[in-house]
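Numbering (my numbering), first residue to last: 1203 to 1574. Glycine included, each C-beta is placed from N, C-alpha and C at the ideal position. This structure is a prediction, so every number in the text was calculated from the model and none was measured.
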């Protein structure tokens, strides 16, 4: 039998291997010629990320006076309040009030359920719970898009609302009209606005039978479970997300790449009368973190931020931001439980977030004199 001479085939390079080789070469060059730059980028990332722990847990020195941080505890307490209200039927009451209104605008009444649930719940749970309800209620794809765009008009964490409430009362803002404009009015205005302009394939459907959104958990498990949920939200979601973004910003800042990006965002938000620092946090990191920073700043010095900027920042924070939610979580959740594709869900979320950004600017620019 003739002996077969077979030479093993060389494994072809993949794209990621080319990236890895490039990084190895750059690392060697950097360590040889400028090791301080590599250390500087790392140090910049660590120092900038440390601000998250200062804001939420440790506290900081201000003008020679130590200011302890209560923001982290405030988040845990606010989640407790939200879950207690939910257990006492608050969500079901809101559903009973807002769902019947939709029939007058010739749109499926189910479109407002995600936004209402989102006030005390969270944006992912709102999609998983309300998405199947929309499908069961016979909502068209356009109506499901309306539901997504409406949902991102309300805050995704009750702690965002509570921390913003503390900030606004500290600087003397009339809270009730701001809450109506930021949270209640969009749930009434956005569905008919989109129904008669962009998403026209809609029909009036009244929901005769609605599920109950009030959990059956007993009193003490509700309270202690809510406290645990608040701690998980703080330590497993908000702080890690903040550390990631702050660390990246710290590295980019050391390399001189963050300043132009920050300048562009600052110019846009300032033009809309939104506090730039907290507005950037809402868009890139977390609205809860933004309201935590806002609250800590105005409590330390009520004159540090103009009231109209506080209003604009709060209205923006009552939304589906940051980008990671709009471009990641919402498309994944809604594509799995509704008729929408990830692209369609993302487009509706982007539309709703853009509307919220414009609303925040209009409220802070045109109406702030009537709210102070």
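For this session: Tell me whether residue 1415 sits in a helix, a strand or coil according to DSSP, three-state version.
Result: coil
Problem set entry | Of the residues 1381, 1407, 1321, the one placed nearest residue 1345, counting alpha carbons only | 1407
For this session: Enumerate, from N- to C-terminal direction, the unbroken alpha helix (DSSP H) stretches of 4 or more residues contained entirely within the stretch 1451-1524.
Result: 1460-1473, 1478-1486, 1489-1502, 1509-1519
Problem set entry | Proximity winner among 1534, 1462, 1403, 1279, relative to residue 1340 (alpha-carbon distances) | 1403
For this session: Check whether the Cβ of residue 1298 lies closer than 7 Å to any heavy atom of the ligand NAP, and answer yes or no.
Result: Absence of the ligand NAP from the depicted structure is noted, as is the absence of any ligand whatsoever, leaving it without description.
Problem set entry | Three-state secondary structure assigned by DSSP to residue 1203 | Reliability of the predicted coordinates at residue 1203 is poor, the pLDDT of 48 falling under 50, and the value obtained from them is presented with this limitation in mind. Coil.
For this session: Take residue 1261 and list the residues in its own chain whose beta-carbon comes closer than 8 Å to its own, dropping the five residues that flank it on each side.
Result: 1268, 1269, 1270, 1271
For this session: Classify residue 1267 as helix, strand or coil using the three-state DSSP reduction.
Result: strand
Problem set entry | Supposed close pair residue 1516, residue 1397 - CB separation, criterion 8 Å | Actually they are not in contact, since the Cβ atoms of residue 1516 and residue 1397 sit about 28 Å apart, beyond 8 Å.
For this session: Could you say which of 1494, 1503, 1318 lies nearest to residue 1298 if we only look at CA atoms?
Result: 1318
Exercise. What separation, rounded to the nearest whole angstrom, lies between the Cα atoms of residue 1512 and residue 1274?
Worked result: 20 Å
Exercise. Which term fits residue 1421, buried or exposed, when burial requires 16 or more other beta carbons within 10 angstroms of its beta carbon?
Worked result: exposed
Problem set entry | Assigned secondary structure, residue 1260 (DSSP; H/G/I helix, E/B strand, else coil) | helix
For this session: Put residue 1215 into one of helix, strand or coil per three-state DSSP.
Result: coil
Problem set entry | Whether residue 1257 touches residue 1494 by CB criterion (8 Å) | yes
Problem set entry | For residue 1437, the first and last residue of its enclosing alpha helix (DSSP H) | Counting along the chain, residue 1437 falls outside any alpha helix (DSSP H), and DSSP gives it neither H nor E.
Exercise. Which whole-angstrom value describes the C-beta separation of residue 1276 and residue 1364, a residue pair presumed to lie in contact below a C-beta threshold of 8 Å?
Worked result: 7 Å
For this session: Pull up the distance between the alpha-carbon of residue 1303 and that of residue 1376, whole angstroms please.
Result: 27 Å
Exercise. What's the gap between the Cα of residue 1462 and the Cα of residue 1484?
Worked result: 19 Å
Problem set entry | Buried or exposed (CB count within 10 angstroms, at least 16 for buried), residue 1233 | exposed
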